[in-house]
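Q: Below: one structure in structure tokens.
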Amino acid sequence: MPTFGLVDCNNFYASCERVFQPGLAQRPLVVLSNNDGCVIARSQEAKALGIPMGAPLFKIRGIISDHDVVVRSSNYALYGDLSERVMSLLAQEAPRVEIYSIDECFLDLHRLAVPDLSAWCADLRRKVRLWTGIPVSIGIGPTKTLAKIANKLAKGSPRAGGVLDLVHHPDWIEPALRKTPVGDVWGIGRRWSSMLADRGIATAFDLSRAQDGWVRQRMGIVGLRTVHELRGIACHDLETEPAPKQTTCCSRSFGKAVSQREEVYSALLSFAERAAEKVRVGNQVAGALQVFVSTDRFDTKAPPYSSAATIRFLVPTADARDIVKAAGQAFDKIWRPGFAYRKAGVLLLDLAEPGDRRAGLFDQRIRYSDDLMQAVDAINQRHGRGAIAFGLAPKSRGRLWAMKQDMLSPRYTTRWSDLAVARANEAANGALD
DNA sequence: TCTGGGGTCCTAGGACCC
DNA sequence: TCTGGGGTCCTAGGACCC
């Protein structure tokens, strides 16, 4: 029987904020999206206060001040680095792993020859906590979907102690499915959840009993796979090699609405540069570029406008000069004066490895990482993003469109100047438990 | 006043071809 | 004037994920 483990970091961003500030333990804490817009992570204590996921900050001001909730802007440099530490530890301990997201990792536990899998997982949990400071839960199931469900139950049940194994306790599967609302199943989002509810399918168990033909018709092949996985038939393997990206994107909502052409233009050019850098890091080239702009979709009074333009490169490229230039051309096609813009972005499409079939006939001419680009990447790596930039008008340096990040924690692990300082008394209190 | 960013996969429909 | 069955490729949109 295939045996999948799913390691999921508990309240990951909130836990990251606590690693270097142990004084935050036990306190309600939320982490906000870019622009300090809405809640994207909550500590257990914040969940207990009833703060919903995705709540806009302005709607929970009352709870925050009544309960002294700690609020943080998101600090992806910190979360990304702590994630790498957790993942590399897991990769050392398990035979094969699939890093599924910044805070989740599937493990192949099939051929792991240990007498007691639950005990082995409990030990792994302790190790991760001790070495990285991050608490995790582990679910085990015969399919990825069931491992996900096991994980969720392991998190919720104090008795489980953070580990739940449905492979060696197959009689627990049915009660686990009955306890799981259908919307909590991996692959069932809001739309399908309410469609299913309308037809009396409320739990994962109900869904596992639905008719194949009906599911195929209403939810396509994707939904059918989910149903099979609930029945214990594995449809998704571990994917140890990350698939090469097909698109990449750099977009932002602006801190406030922007009407000046130069401002939106310079924002887009810097997004284009950033997107180009991402593509170079992946050793890829882009076949096309798309630029989009839009006004504030929540503002019902201001006139709405949104548009996008795509430009195809004659020769696939990752060169910032090509990409910035194309972004400028695309921008010219869609810019309309007189609107208050709130969001803009650059997508790079049809990504390919230089030399693969999709890059086609032009292999020898592909520009992806020449000496200049390598030098640019090296300088920006060393001196911070944007130390060198292409074609930005000098007046753009004010960055009216900059993100709001008023409650940012230090980048403890990726910036020398932000390095945590341990004093004797703090060490005695124990930063890691 | 204040509502994220970055992805994937599937499907339907239109244009075009023989 | 009416009439057929396949194909492919592309795009837009909808569903989902974290």
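With the working numbering applied, the first sequence closes on residue 1478, and no number is skipped along the way.
By construction, the Cβ of each residue, glycine as well, lies at the ideal position given by its N, Cα and C atoms.
Taking the alpha-carbon positions, what's the Asp1148 to Pro1382 distance?
A: Here residue 1148 corresponds to residue number 103 of the first sequence, with the count starting at 1. Here residue 1382 corresponds to residue number 337 of the first sequence, with the count starting at 1. Answer to the nearest angstrom: the Cα atoms are 42 Å apart.
Q: So, is Arg1410 buried or exposed, given that buried needs 16 or more other C-beta atoms within 10 angstroms?
A: What you label residue 1410 is simply residue 365 of the first sequence in a count that begins at 1. Since pLDDT at Arg1410 reaches only 49, below the 50 mark, its modelled position is unreliable, and the value read off the structure follows with that caveat. With fewer than 16 Cβ atoms within 10 Å of its Cβ, Arg1410 is classed as exposed.
Q: I need the boundaries of the alpha helix (DSSP H) containing Val1369, first residue and last residue.
A: Here the question's residue 1369 lines up with position 324 in the first sequence. Where Val1369 is concerned, the enclosing alpha helix (DSSP H) stretches over 1365-1379.
Q: At 3 residues or longer, and completely inside the region 1166-1218: list those beta strand (DSSP E) runs for me, N to C.
A: 1181-1186, 1208-1210
Q: Check each candidate in Phe1384, Ile1356, Ala1164 and name the one with the smallest Cα separation from Tyr1350.
A: Counting from one through the first sequence, the residue named residue 1350 turns up at place 305. When each option's Cα is compared against that of Tyr1350, the closest is Phe1384.
Q: Note down, in chain order, each residue of its chain lying with its Cβ closer than 6 Å to the Cβ of Asp1395, except the 5 sequence neighbours on either side.
A: The count along the first sequence starts at 1 and reaches residue 1395 at position 350. Taken in chain order, the residues that qualify are Gly1332, Ala1333.
Q: Measuring only the C-alpha atoms, how far is Arg1306 from Pro1101?
A: Here residue 1306 refers to the residue found at position 261 of the first sequence. Here residue 1101 refers to the residue found at position 56 of the first sequence. Distance between the alpha carbons of Arg1306 and Pro1101: 29 Å.
Q: Who are Val1421's beta bridge partners in DSSP?
A: If you number the first sequence from 1, residue 1421 lands on position 376. According to DSSP, Val1421 bridges with nothing at all.
Q: Using C-beta distances below 6 Å, list every residue in its chain close to Glu1284, excluding the 5 sequence neighbours before and after it, in chain order.
A: Counting from 1 along the first sequence, the entry for residue 1284 is found at position 239. Correct list, in chain order: Glu1143.
Q: Taking the alpha carbon of Tyr1121 as the reference point, which residue from Ala1070, Ser1296, Trp1176, Glu1062 has its own alpha carbon closest?
A: Residue 1121 sits at position 76 when you count from the first residue of the first sequence. Residue Glu1062 is the option with its Cα nearest to Tyr1121.
Q: What is the rounded straight-line gap between the Cα of Ile1109 and the Cα of Val1369?
A: Along the first sequence, read from residue 1 onward, the residue named residue 1109 stands at position 64. Along the first sequence, read from residue 1 onward, the residue named residue 1369 stands at position 324. Rounded to the nearest angstrom, the two C-alpha atoms are 42 Å apart.
Q: In the DSSP output, what is Tyr1386 paired with across the bridge?
A: The residue labelled residue 1386 in the question sits at position 341 within the first sequence. In DSSP, Tyr1386 forms a bridge with Val1303, Thr1340.
Q: Have a look at Val1116, Asp1415, Ala1091 and flag the residue whose alpha-carbon is nearest the alpha-carbon of Ala1365.
A: Locating residue 1365 in the first sequence gives position 320, counting from the first residue. Nearest option by C-alpha distance: Asp1415.
Q: Taking only three categories from DSSP, how would you classify Arg1117?
A: Start at 1 with the first residue of the first sequence, and residue 1117 comes out as number 72. DSSP places Arg1117 in strand when its eight states are reduced to three.
Q: Could you tell me how far apart the beta carbons of Val1391 and Phe1316 are, in whole angstroms, since I believe they sit closer than 8 Å?
A: Residue 1391 sits at position 346 when you count from the first residue of the first sequence. Residue 1316 sits at position 271 when you count from the first residue of the first sequence. Confirmed, about 4 Å.
Q: Spatial neighbours of Ala1312 within its chain, please: C-beta separation below 6 Å, excluding the five flanking residues on both sides.
A: Indexing the first sequence from 1 puts residue 1312 at position 267. Around Ala1312: Ala1389, Trp1446.
Q: Report the option in Arg1270, Thr1048, Pro1289 whose CA atom is closest to the CA atom of Pro1140.
A: The count along the first sequence starts at 1 and reaches residue 1140 at position 95. That would be Thr1048, whose Cα lies nearest to the Cα of Pro1140.
Q: Express the C-alpha separation of Pro1203 and Ala1195 in angstroms, rounding to a whole number.
A: Taking the first sequence and counting its residues from 1, one reaches residue 1195 at position 150. Taking the first sequence and counting its residues from 1, one reaches residue 1203 at position 158. Ala1195 and Pro1203: Cα-Cα distance of roughly 13 Å.
Q: Do the region 1121-1132 and the region 1058-1078 touch if we need at least three Cβ pairs shorter than 8 Å?
A: yes
Q: Under a Cβ-count criterion, where at least 16 other Cβ atoms within 10 Å of its own Cβ denotes burial, should Pro1215 be classed as buried or exposed?
A: Position 170 of the first sequence holds residue 1215. By the 10 Å Cβ count, Pro1215 comes out exposed.
Q: Are the region 1184-1199 and the region 1219-1234 touching by the rule of at least three beta carbon pairs closer than 8 Å?
A: yes
Q: Given this structure, state the Cα-to-Cα distance separating Thr1292 from Ala1136, to the nearest angstrom.
A: In the first sequence, counting from the first residue as 1, residue 1292 sits at position 247. In the first sequence, counting from the first residue as 1, residue 1136 sits at position 91. Whole-angstrom Cα-Cα distance: 27 Å.
Q: Looking at the secondary structure, which residues open and close the alpha helix (DSSP H) in which Leu1152 lies?
A: Within the first sequence, the letter at position 107 stands for residue 1152. Unbroken run through Leu1152 is the beta strand (DSSP E), 1149-1153; no alpha helix (DSSP H).
Q: Could you check if Trp1461 is buried or exposed, using at least 16 other CB atoms within 10 Å of its CB as the buried criterion?
A: In the first sequence, counting from the first residue as 1, residue 1461 sits at position 416. Using a 10 angstroms sphere on the CB of Trp1461, the tally of other CB atoms stays under 16, which defines it as exposed.
Q: Using 8 Å as the threshold, is the C-beta distance between Val1208 and Gly1186 below it?
A: Translated into the one-based positions of the first sequence, residue 1208 becomes position 163. Translated into the one-based positions of the first sequence, residue 1186 becomes position 141. Contact: no.
Q: Looking only at DSSP bridge pairs, what is Arg1297 linked to?
A: Position 252 of the first sequence, counted from the first residue, corresponds to residue 1297. Paired residues: Ala1389.
Q: Name the one or two DSSP bridge partners that Gly1050 has.
A: In the first sequence, counting from the first residue as 1, residue 1050 sits at position 5. Leu1152, Ile1185.
Q: Between which two residues does the beta strand (DSSP E) harbouring Ile1356 extend?
A: For the purposes of this step, residue 1356 is identified with residue 311 of the first sequence, where counting begins at 1. It spans 1351-1362 - the beta strand (DSSP E) in which Ile1356 sits, taken as one unbroken run.
Q: Is the region 1247-1255 in contact with the region 1269-1279, if contact means three or more CB pairs nearer than 8 Å?
A: yes
Q: With Glu1274 as the anchor, note down where its alpha helix (DSSP H) starts and where it stops.
A: Position 229 of the first sequence, counting from 1, holds the residue named residue 1274. Counting along the chain, the alpha helix (DSSP H) containing Glu1274 begins and ends at 1257-1275.
Q: Among the candidates Met1098, Leu1241, Val1114, Ser1119, whose CA atom is the shortest distance from the CA of Asn1079?
A: Position 34 of the first sequence holds residue 1079. Cα-wise, what sits closest to Asn1079 is Ser1119.
Q: Taking the alpha-carbon positions, what's the Leu1162 to Asp1210 distance?
A: Counting from one through the first sequence, the residue named residue 1162 turns up at place 117. Counting from one through the first sequence, the residue named residue 1210 turns up at place 165. Going by the C-alpha atoms only, they are around 8 Å apart.
Q: Distance check for Ala1091 and Arg1117, CA to CA, integer angstroms please.
A: One-based indexing of the first sequence puts residue 1117 at position 72. One-based indexing of the first sequence puts residue 1091 at position 46. Approximately 13 Å between the Cα atoms of the pair.
Q: Opposite Leu1077 in the DSSP bridges: which residues?
A: Position 32 of the first sequence, counted from the start, is the residue given in the question as residue 1077. Residue pairing by DSSP places Leu1077 opposite Val1084, Ser1118 in a beta bridge.
Q: For Val1089, which three-state DSSP category applies?
A: On the first sequence, position 44 is the one that residue 1089 refers to. Before going on, a small fix: residue 1089 reads as Gln here, not Val. It is helical.
Q: Could you tell me which residues DSSP puts in a beta bridge with Pro1101?
A: Working through the first sequence from its first residue, we reach residue 1101 at position 56. Per DSSP, Cys1083.
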